[in-house]
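Asker:
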Amino acid sequence: MLRKPKILVVGSFNMDLIASTGRVPNAGETVIGMKFTTAPGGKGINQAVQCARLGANVTMVGKVGNDDFGRKMLAVAREAGIDVSHVLTDDTEATGVGVILLEVKGEKTQNRITVCPGANYTITAQELEWLKTEIAAYDMLIVQFELPMNVVETVAQWAHDSNVPVMVNPAPAAPISDKLLSCATYFSPNEHEAAIIAGHAIRVEDGINYDDIDYVAKKFRERGVENLIITMGGNGSVVIDKDSIEHTPCVKMPNVADPTAAGDSFVASFCTGLTAGLSKKNALAFASHAAAITVSRMGAITSLPTIDEVQNLLRERGFNGFPAGELDSLK
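Under our numbering, think of the first position of the sequence shown as 7, with each following residue one higher.
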């Protein structure tokens, strides 16, 4: 029987401004786009909402501006069942914004994202001092890199000191201290982020290059990372621990509408499944199916699936790793 885990997400709020185009403009060029939409996003709230939709009890910590974007995102979080009582408001900085350009070519879609952090970058570790004594109540801490790095490091250290597992999702890629890596129970970059941080490209054009994976994994092991999960889009994910390298294939969907938030869905689903009581292997399968649904829809939060939707896709694809009805306890 699975249990409903308590997950703490310390992360960002960004309103996504999404433009779709058939071709990305060159420097100084204007092209006519296909569609424009806005959608609440930011890696922090994306992951918090995904955890909540999959049955976790979620607390979100972060900062928004005193503006319509901030109020809208808090409303979306509350609707998902997230505790936002500890989210701060900045009266001088605007809520963060993510400008997303989608290049649509047939069934292939690629995204290019620029993030303007706004209020996300005004949060301080001093404002979160209450967590130092309260963090032990949670089953998992999830952090990303859309907040000031000293805040991420401090909160991760508090969790580590309280024996709370820490998921570090290093997105967007940035220099990482050994202090933070030593606190990471799980470290989950995508292949681009892993390559940037490790200083070595991961080739995937003709399938996964395991020589590259092995080299990158060695670099992270040298810095104390014991559980490395590299997500690679259509190539699935690779999990490396001290004993093995295990590949989990991508769950293919008939149509890829928008890859935005696929990584967030994967990380959040893995953390939810693992803390609920799934084995690592089953938590990865759970995460792969959730991310597959996410890429088949437009937007970030709007694309994140519920526990029922993930359960249905698992059945449709014939995954039999779970006993019948095991996921029902997360509803």
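Using N, Cα and C, we set each Cβ at its ideal position, and we do this for glycine too.
When the Cα of His-295 is compared with those of Gly-17, Leu-310, Phe-42, Leu-80, which residue comes out closest?
Answerer: Checking every option, the nearest Cα to that of His-295 belongs to Leu-310.
Asker: DSSP three-state call for Tyr-144: helix, strand or coil?
Answerer: Reduced to three states, the DSSP call for Tyr-144 is coil.
Asker: Assuming Phe-292 contacts Gly-283 under a Cβ cut-off of 8 Å, what Cβ separation, rounded to an integer in Å, is found between them?
Answerer: With a Cβ gap of about 11 Å, Phe-292 and Gly-283 do not count as contacting.
Asker: According to DSSP, is Ile-88 part of a helix, a strand, or is it coil?
Answerer: In the structure shown, Ile-88 sits in coil (DSSP, three-state: anything other than H, G, I, E or B).
Asker: Note the first and the last residue of the continuous alpha helix (DSSP H) segment covering Ala-58.
Answerer: Looking at the DSSP string, the run of the alpha helix (DSSP H) that includes Ala-58 is 49-59.
Asker: Starting from Lys-12, follow its DSSP beta bridges and name the residues at the other end.
Answerer: Asn-63, per the DSSP bridge assignment.
Asker: From what residue to what residue does the alpha helix (DSSP H) around Gly-102 run?
Answerer: Gly-102 -> not in any alpha helix (DSSP H); beta strand (DSSP E) instead, spanning 102-111.
Asker: Express the C-alpha separation of Thr-36 and Asp-270 in angstroms, rounding to a whole number.
Answerer: Between Asp-270 and Thr-36, the C-alpha separation is close to 31 Å.
Asker: Taking Gly-47 as the reference, give the member of Asp-218, Thr-308, His-166 with the closest Cα.
Answerer: Out of Asp-218, Thr-308, His-166, Thr-308 has the C-alpha closest to the C-alpha of Gly-47.
Asker: For Asp-220, which of helix, strand or coil comes out of DSSP?
Answerer: The answer is helix: DSSP assigns Asp-220 an H, G or I state.
Asker: For Met-40, which beta-bridge partners are listed by DSSP?
Answerer: DSSP, once it has assigned bridges, lists no residue as partnering Met-40.
Asker: Can you tell me whether Arg-227 is helix, strand or coil according to DSSP?
Answerer: Looking at Arg-227 - three-state DSSP - the assignment turns out to be helix.
Asker: May I have the straight-line CA-CA distance separating Gly-102 from Val-67, to the nearest angstrom?
Answerer: Those two C-alpha atoms are separated by around 15 Å.
Asker: The beta strand (DSSP E) spanning Glu-252 covers which residue range?
Answerer: 251-254 is the span of the beta strand (DSSP E), which, as asked, contains Glu-252.
Asker: Of the choices Gln-132, Ile-148, Asp-167, Arg-229, whose alpha-carbon is the least far from that of Asn-156?
Answerer: Among Gln-132, Ile-148, Asp-167, Arg-229, the Cα nearest to that of Asn-156 belongs to Gln-132.
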